[in-house]
Amino acid sequence: MSYSTQNSRQLDLKTLFPFELDNFQKEAIIAVNAGKSVVVCTPTGSGKTLIGEYAIYRALSRGRRVFYTTPLKALSNQKLRDFRDKFGADKVGLVTGDTSVNREASVLVMTTEVFRNMLYGTPIGEIGTSLEKVEAVVLDECHYMNDRQRGTVWEELIIYCPSEIQLLALSATVANSDQLTDWINKVHGPTELIYSDFRPVPLQFNFSNSKGLFPLLSNNQKRVNPLLKPKNRHIVGRDRREKQLEPILPAVLSQLKERDMLPAIYFIFSRRGCDRAVAEIAQVSNLTLLDETEKIQLQNLIQKFLNSNPDLTHSKKLEPLSKGIASHHAGMLPVWKGLVEELFQLGLIKVVFATETLAAGINMPARTTVISSLSKRTDEGHRLLKPSEFLQMAGRAGRRGMDVQGYVLTVQTRFEGAKEASYLATSEADPLVSQFTPSYGMVLNLLQTHTLEEAKELVERSFGQYLSTLSLAEERIEIEQKEAELTSLQNKLGIYEENDLVNLEQLLRDYEKILERVKEEKRLLKILQRQADENRIKEMSLSLSFALSGTIMSLKGKHVPTAKRSDAKPIAAALVAKIPGSGQSSYYVCLGKDNRWYVVAAMDVVGLHPDVPRLVAVEQMELPAEIDFRLGQCRKADEIYLSLSEQIPEVPLPIDAPEVLVQMQKVATVEVNIQEHPLKEWGSPRILLKGWRRMGILEMEIGDRQTELEDKLARHWQEFLNLIEILQYFGCLHEVVPTEIGQACAAIRGDNELWLGLALMSGVLDSLDPHHLAAACAALVTEISRPDSWSRYDLSMEVEDALGGLRSLRHQLFQVQRRYRVTLPVWLERDLISLVEQWALEVEWQVLVENTSLDEGDVVRILRRTLDFLSQIPHVPHLSDVLRRNADRAMQLIDRFPVNEEVK
1 MSYSTQNSRQ LDLKTLFPFE LDNFQKEAII AVNAGKSVVV CTPTGSGKTL
51 IGEYAIYRAL SRGRRVFYTT PLKALSNQKL RDFRDKFGAD KVGLVTGDTS
101 VNREASVLVM TTEVFRNMLY GTPIGEIGTS LEKVEAVVLD ECHYMNDRQR
151 GTVWEELIIY CPSEIQLLAL SATVANSDQL TDWINKVHGP TELIYSDFRP
201 VPLQFNFSNS KGLFPLLSNN QKRVNPLLKP KNRHIVGRDR REKQLEPILP
251 AVLSQLKERD MLPAIYFIFS RRGCDRAVAE IAQVSNLTLL DETEKIQLQN
301 LIQKFLNSNP DLTHSKKLEP LSKGIASHHA GMLPVWKGLV EELFQLGLIK
351 VVFATETLAA GINMPARTTV ISSLSKRTDE GHRLLKPSEF LQMAGRAGRR
401 GMDVQGYVLT VQTRFEGAKE ASYLATSEAD PLVSQFTPSY GMVLNLLQTH
451 TLEEAKELVE RSFGQYLSTL SLAEERIEIE QKEAELTSLQ NKLGIYEEND
501 LVNLEQLLRD YEKILERVKE EKRLLKILQR QADENRIKEM SLSLSFALSG
551 TIMSLKGKHV PTAKRSDAKP IAAALVAKIP GSGQSSYYVC LGKDNRWYVV
601 AAMDVVGLHP DVPRLVAVEQ MELPAEIDFR LGQCRKADEI YLSLSEQIPE
651 VPLPIDAPEV LVQMQKVATV EVNIQEHPLK EWGSPRILLK GWRRMGILEM
701 EIGDRQTELE DKLARHWQEF LNLIEILQYF GCLHEVVPTE IGQACAAIRG
751 DNELWLGLAL MSGVLDSLDP HHLAAACAAL VTEISRPDSW SRYDLSMEVE
801 DALGGLRSLR HQLFQVQRRY RVTLPVWLER DLISLVEQWA LEVEWQVLVE
851 NTSLDEGDVV RILRRTLDFL SQIPHVPHLS DVLRRNADRA MQLIDRFPVN
901 EEVK
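Rendered as structure tokens:
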């Protein structure tokens with residue numbers, strides 16, 4: 001869509017933004033005013049949010065709306081506060097999974113999933129009532145597309161969003177931003193890439209070990225600082241040596257304070273590690289991070305917080321917090337994390353020890369980021385950080401408008417040192433990959449408003465499909481090359497039309513059959529010849545035992561060098577003597593008509609001629625002493641034997657056995673058929689056959705490659721079809737039309753909408769009291785990552801029975817999913833959901849968390865997931881009224897501090 005820029009000209013950029021804009025910001029605003037969608041790809045902290053803010057100013061000036069989506073609920077809350085301050089509280093609203101505030105506002109902040117779910121309710125590409133007057137949607141932290149579990153949401157909303165709405169995708173630096181832009185351009189509409197690698201606050205990379213703090217990189221910023229290279233590469237015991245070089249935590253913070261590098265975010269990849277670091281620093285008496293003014297201001301804000309949250313008055317986190325030190329991780333209560341974020345932004349917390357999740361989008365810029373380790377444990381094992389993970393954390397350093405320089409500090413560990421740190425600091429960002437994965441909810445929602453053909457077209461518009469098409473380009477080229485070779489070969493063979501191919505193939509097949517017959521007849525001939533030879537040798541051995549000197553014979557065979565070949569003429573010879581051979585057989589010394597001496601075995605005598613007079617004169621001969629009479633010997637005889645050899649008569653050629661003669665005739669007949677075959681009219685049969693066989697190989701390879709290519713391109717669609725078959729199996733689809741069960745599943749949002757819908761529609765949960773229902777619902781949506789987690793509370797029999805009633809259904813779903821290789825989770829947690837039941841029975845928070853191994857943040861997360869699921873039940877069609885009422889009551893029971901999140 002090309003928007004009119006008439007109203008946009010009234011916006012004075014200098015009034016809106018009273019500072020000099022960066023070039024990329026100006027370029028993005030020009031593109032937005034031109035009605036284009038944009039992909040803004042710049043380093044973290046460079047000012048991308050300004051583009052979204054401009055879109056909001058523009059929409060407000062035109063009486064239109066903007067949706068601002070973020071990947072995190074905490075980030076959505078933060079944007080709500082920021083935008084209220086900037087645009088006015090009445091103009092800004094919020095919609096997250098469990099919160100809705102002023103949802104008709106002109107500026108509506110929401111989590112990305114909420115926007116995707118809005119689009120599900122409208123035929124794809126159309127403007128539904130929820131999207132009326134929306135002219136732009138901002139996708140903040142769009143690089144979240146790389147997230148393995150949630151990345152598919154970004155792809156879906158880009159595919160589903162009506163083309164009339166501009167998309168503003170704000171992303172950290174990625175390697176393939178051009179591909180992302182090209183894909184959005186194809187599936188959504190005109191899109192411009194705004195790319196910049198300029199950082200308004202430049203970063204300086206440093207390295208800390210027990211010897212001090214040093215620049216990480218050399219002067220050209222391309223390789224490791226020479227001072228950090230090990231002096232002796234041959235020292236034994238690297239682990240012990242590098243462990244000795246690890247700096248202690250207080251020393252690192254002292255160095256940061258001395259060099260005016262605070263405030264800092266200190267990244268540690270475990271919650272326990274963060275809390276241990278806070279405890280360690282809090283006990284260091286001589287490390288003072290705050291001045292007196294800051295201490296007073298901090299105490300006042302902490303007291304204000306405690307007045308609003310008296311239950312937290314005795315928290316162990318207060319003492320280190322008052323010294324300007326805090327943790328920030330998912331195990332903390334959300335209110336604590338909110339306080340830490342607020343105090344850090346005010347500069348009153350000087351060091352926050354945080355897990356990697358802090359780098360994911362919360363606006364907490366620091367002067368310095370410290371990355372304590374360059375490797376981490378993942379589902380795939382322990383591995384080095386990816387460049388994008390490193391850059392995301394590093395990018396939190398340097399506060400625009402506050403710092404001239406940002407600092408990134410990497411730390412020596414026993415596993416990594418300056419070499420690994422310099423590699424990551426000089427690496428390019430990773431590319432975006434597709435995480436597009438069809439789900440039951442996607443299938444059902446698309447089929448409620450689209451035909452199967454339309455659904456296929458939408459699935460095949462995914463970023464994954466786009467990337468596959470690009471990555472398979474080489475395979476396509478290879479197929480095209482083989483097709484070109486096939487065409488060229490057909491032309492060389494004279495195949496220009498289908499009839500030519502049919503006629504030639506028929507002749508070639510016939511010719512090939514005759515060749516096979518020749519081969520077979522010759523094979524049989526060899527067998528018969530071998531059998532005849534064996535009989536001849538047997539008979540000849542017997543005859544030779546009675547032969548006398550001077551007997552005339554014919555020689556041909558293995559030990560007759562002058563007549564070895566099968567087509568050679570036998571040599572006429574006279575038997576001169578018999579000498580001992582190997583075993584019991586004898587060798588025969590003969591004088592040939594060619595005046596040569598031969599030493600042969602019985603197998604070399606192909607004819608014995610008793611009817612020809614013996615050469616009696618040889619009886620008086622003495623064998624030459626200088627000849628070594630070994631088998632196979634062939635030597636020219638002296639002149640004195642010439643007259644004798646000339647007396648040896650010519651002998652008739654040996655006659656083959658009758659069966660051999662018959663078989664030879666068969667071979668000759670078939671060979672005549674080959675010589676006279678009509679294929680020769682097309683050219684050389686050998687060349688034609690070779691070409692035809694190559695054609696067959698090419699056709700098979702082309703077919704295999706095309707099938708493989710089609711399978712790769714159709715992977716997502718095949719997954720979609722597999723989910724259809726599973727849904728049909730469980731009665732959610734009648735052919736491709738959602739049934740009542742299917743409509744219920746389609747209305748649910750979760751990790752496995754089919755499982756949740758089947759559980760709700762089973763009737764098993766209908767009779768549960770609200771507190772029991774809350775626990776049962778928690779079982780359906782709770783994933784416990786640590787198997788050693790525990791709760792001291794017992795689960796009530798009512799909930800036990802309900803879960804028991806769902807186990808066979810769960811087992812059945814597992815089996816069907818396994819058959820189709822679907823890996824969507826089917827949760828049915830038992831051990832920890834007693835916490836939800838007790839909370840619904842109004843147990844005090846402190847008592848609750850003292851009876852479980854889980855961190856407070858984890859308990860809140862379980863309760864909020866349960867609350868989110870319960871909040872959906874009243875809106876799911878075809879459920880019983882009693883289940884809806886109990887879900888409402890269960891929500892009231894568990895939605896209290898610290899689970900509820902009051903948005904002020």
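Residue numbers (my numbering): 1 to 904.
Backbone N, C-alpha and C define an ideal beta-carbon position, used for all residues, glycine too.
The structure presented is a predicted model; accordingly, all values stated were derived computationally and were not measured.
Straight-line spacing of the CA atoms in Arg536 and Val606 works out to 8 Å. By the Cβ test, the segment 824-843 is in contact with the segment 742-756, since at least three Cβ pairs between them sit closer than 8 Å. In this structure, the straight-line span from the alpha carbon of Leu867 to that of Asp895 is close to 7 Å. The residues Ser130, in chain order, have a CB closer than 6 Å to that of Met118 in the same chain once the five nearest residues on each side in sequence are set aside.
Assignment of beta strand (DSSP E) within the segment 29-71, counting only whole runs of 3 or more residues, yields 37-41 and 65-70 in chain order.
A check of alpha carbon separations from Pro320 across Asn300, Phe390, Pro334 and Leu289 identifies Leu289 as the nearest. Contact between the segment 63-81 and the segment 202-219 is absent, with fewer than three C-beta pairs closer than 8 Å. When the beta-carbon positions are compared, Leu893 and His771 come within less than 9 Å of each other. Across the structure, Thr437 and Leu94 are spaced so that their CA atoms are roughly 28 Å apart.
For Thr99, no alpha helix (DSSP H) encloses it, and the DSSP letter there is neither H nor E. Ranked by Cα distance from Ala59, the options Ala89, Ala105 and Asp82 are led by Ala105. For His716, the enclosing alpha helix (DSSP H) stretches over residues Arg715 to Tyr729.
The DSSP assignment places complete beta strand (DSSP E) segments of no fewer than 3 residues inside the segment 264-340 at 264-267 and 325-328, in order along the chain. Thr355 and His329 do touch by the CB rule: their CB atoms are close to 4 Å apart, below 8 Å.
The three-state reading of DSSP puts Lys386 in coil, since its state is none of H, G, I, E or B. C-alpha of Val860 to C-alpha of Tyr793: approximately 17 Å in a straight line.
When DSSP states are grouped into helix, strand and coil, Thr111 belongs to the strand group. Taken through DSSP and simplified to helix, strand or coil, Pro202 comes out as coil. For Phe83, the enclosing alpha helix (DSSP H) begins and ends at Lys73 to Phe87. Nearest C-alpha to Gly45 among Gly97, Thr173, Ala251 and Ile56: Thr173. If the five residues before and after Leu446 are omitted, its C-beta is found closer than 7 Å to the C-beta atoms of Ala455 and Leu458, all from its own chain and listed in chain order. One Cα belongs to Ala746, the other to Ser439, and the distance between them is close to 10 Å. Uninterrupted alpha helix (DSSP H) stretches at least 4 residues long and entirely within the segment 751-805 occur at 753-761 and 770-781, given in chain order. Judged by pairs of C-beta atoms under 8 Å, the segment 842-852 does not touch the segment 795-811, as fewer than three such pairs exist. With respect to Val137, Phe67 sits close: the two C-beta atoms are nearer than 9 Å. The Cβ-Cβ distance between Leu835 and Thr852 falls below 9 Å. Short of 7 Å from the beta carbon of Asn363, and not among the five residues preceding or following it, lie these beta carbons of its own chain, in chain order: Gln78.
Rounded to the nearest angstrom, the Cβ distance from Asp766 to Val876 is 13 Å, too far for a contact under 8 Å. Put simply, of Arg271, Ile184 and Trp597 the residue whose alpha carbon is nearest the alpha carbon of Tyr466 is Ile184. For the options Gly47, Pro18 and Lys133, the alpha carbon positioned closest to that of Phe24 is the one of Gly47. Boundaries of the beta strand (DSSP E) harbouring Trp597: Arg596 to Val600, taken from the DSSP string. Per DSSP, reduced to three states, the secondary structure at Pro738 is strand. Contact annotation: Leu575 and Val618 have beta-carbon atoms nearer than 9 Å.
The shortest CA-to-CA distance from Pro200 to any of Leu193, Glu20 and Glu516 is the one to Glu20. Annotated three-state conformation of Ile371 is strand, per DSSP.
With contacts defined as CB atoms closer than 9 Å, Leu713 and Glu460 qualify as a contacting pair.
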